[in-house]
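Colleague:
2 protein chains.
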Amino acid sequence: MPEEPRRQARGQRRMEQLTDAAAVVFAEVGYAKATTNAIAKQAGVSPGTLYQFFANKEALAEALAERYRAELKAAHEQAFDLSMVKLPLPEMVDRMIRPMVEVNLANPGFKALFSSGDLPDRLTAPTRALQQAVTGRVAEIIGARVPDLPADQRDTAAAVATQIFAALLGTIVSAAPADRDRWITELNRALVGYLTPLETPAHPH
Amino acid sequence: MPEEPRRQARGQRRMEQLTDAAAVVFAEVGYAKATTNAIAKQAGVSPGTLYQFFANKEALAEALAERYRAELKAAHEQAFDLSMVKLPLPEMVDRMIRPMVEVNLANPGFKALFSSGDLPDRLTAPTRALQQAVTGRVAEIIGARVPDLPADQRDTAAAVATQIFAALLGTIVSAAPADRDRWITELNRALVGYLTPLETPAHPH
DNA sequence: AGAAAATACGAGTATTTGCTCGTGTTTGTC
DNA sequence: GACAAACACGAGCAAATACTCGTATTTTCT
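Protein sequence lines, in the order shown, are assigned to chains B and L.
Per my numbering, the first sequence starts with residue 7, numbered consecutively.
Per my numbering, the second sequence starts with residue 7, numbered consecutively.
1. Select from the segment 155-185 of chain L all residues with a C-beta closer than 7 Å to any C-beta belonging to chain B, and list them in chain order.
2. Any beta-carbon of chain L closer than 8 Å to the one on Arg195 (chain B)?
3. Look up Leu66 (chain L) in the DSSP assignment and say whether it is helix, strand or coil.
4. Could you check if Asn43 (chain B) is buried or exposed, using at least 16 other CB atoms within 10 Å of its CB as the buried criterion?
5. Pick helix, strand or coil for Arg12 (chain L), following the three-state DSSP scheme.
6. Could you tell me whether the Cβ atoms of Thr177 (chain B) and Gln169 (chain L) are closer together than 8 Å?
7. Rounded to whole angstroms, what is the Cα-Cα separation between Val152 (chain L) and Ala28 (chain B)?
8. What is the C-beta distance between Val99 (chain L) and Leu197 (chain L), in whole angstroms, given that I count them as a contact (C-beta under 8 Å)?
9. Using a beta-carbon distance below 8 Å, is Tyr200 (chain L) in contact with chain B?
10. For the candidate residues B:Leu24, B:Ala38, B:Asn62 and B:Ala67, whose alpha-carbon lies nearest to that of Ala46 (chain B)?
11. For a test of the three-state rule: what should DSSP assign to Gly176 (chain B), helix, strand or coil?
12. Which of the three DSSP states, helix, strand or coil, is assigned to Val51 (chain B)?
13. Between Ala38 (chain B) and chain L, is there a C-beta pair that is closer than 8 Å?
14. Any contact of the segment 79-91 of chain B with the segment 180-197 of chain B, i.e. 3+ C-beta pairs under 8 Å?
15. Check whether chain B comes within 8 Å of Pro114 (chain L), counting only Cβ atoms and requiring the distance to be less than that.
16. Mapping the DSSP letters down to three states, classify Val31 (chain B) as helix, strand or coil.
17. Give the single residue among B:Leu70, B:Ala139, B:Arg188 and B:Tyr200 whose Cα lies nearest to the Cα of Glu22 (chain B).
18. Kindly indicate if chain B contains any beta-carbon less than 8 Å away from that of Pro96 (chain L).
19. Taking 8 Å as the cut-off, does the segment 73-87 of chain L touch the segment 51-63 of chain L (at least 3 CB pairs, one atom from each stretch)?
20. I need the boundaries of the alpha helix (DSSP H) containing Pro94 (chain B), first residue and last residue.
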């Protein structure tokens, strides 16, 4: 098995160019229909060069997914504060949503990897990693907010919330900028509506 | 432009065989990776025969989508009753959800057409038709339940509810049968949580 | 029966696509 | 400056795939 060559500065730049290009092409035509030759062309590079750095199309997608994961994590760490746990739910949800929408608007390829329905089997892995990173984050927050909630219920709630988010993300980013806030509001309502009962369990009637 | 030939009984059967086969293959590998040759083989028919009845892969998907639309409509007309409008929201939502899940379980190809992320451009049309049929139905119900709701808010709510549904549908059908009810319950909670505020507008604080 | 239309076949085609490989250039190290 | 490693090229391959077409069979109609 061939070892990873020791990358030099030029190579690092190329790899970034290539993931950038992949993001553009994925965003334009989706992962499945994106061709490696088109990605190479978009990067201003020959097909051969692409394969000098990535074993295959999938590895390229993995690298891109990993980049998004890191970016998301950074955005959240910047936007999150443990004090947020004490905010009213709608405001907290808003603060969770915004950075993710921002990351998505800044990286059009994100959606193609995060919430595309039928990707080749193997890509399920990086996609799952992305989704799971988000879900884990959400679970943390819910856990901090409702400490008495059993772990399994918390994880289920986090998974559902993430799916709702992913579903509406597409609508939000493909909407006209003027309508975007409207859809974000709806997403907020949906999440708040779903999560509120967790905070006020079993009310007497 | 060639005219549609007058189909004879044999041809009608073939067309059904072919859409059946398409459903199977779509369910197995998704629309994008489904090959027309594989569909023909699954139908026990040569590739040429497939193209005697469908101009291309897309037309086949359209026919399948149309079939699902009709099936869904029938299921709903059977399950719906105007009296349902007076039921408590959770129960009504449950009655809306169940038949759709049923149709989905009975027709594994449904999901591939209904909630797949990156389909070829033209297939957006039949897919949209399916989604819109569902959304329209939901809008009707909401309208009947909350007559005072402005039309645009009603349509927005219907669209969001449909997206939430589509998002969790995948989880529901791919879950182990034992877990299915659990996820259906969550879907119910999500929809009820989102829709409830519409029924009790602007509460005094 | 006989003609026309519909159905059926399946090897073959034109194109696409992920990826390779032989060859040449640039970069880093001593 | 010399040597090796990394980088770059791009024509082209092997495989896949949507679709065709010449031919043969079956059904329908008169």
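Just so it is clear, CB atoms sit at the ideal spot from N, CA and C, and this is done for glycine as well.
Modeller: Let me lay it out:
1. Thr162, Val166, Gln169, Ile170, Ala172, Ala173, Leu174 and Thr177
2. yes
3. helix
4. exposed
5. coil
6. yes
7. 47 Å
8. 5 Å
9. yes
10. B:Leu24
11. helix
12. coil
13. yes
14. no
15. no
16. helix
17. B:Leu70
18. no
19. no
20. Run containing Pro94 (chain B): none; DSSP gives neither H nor E here.
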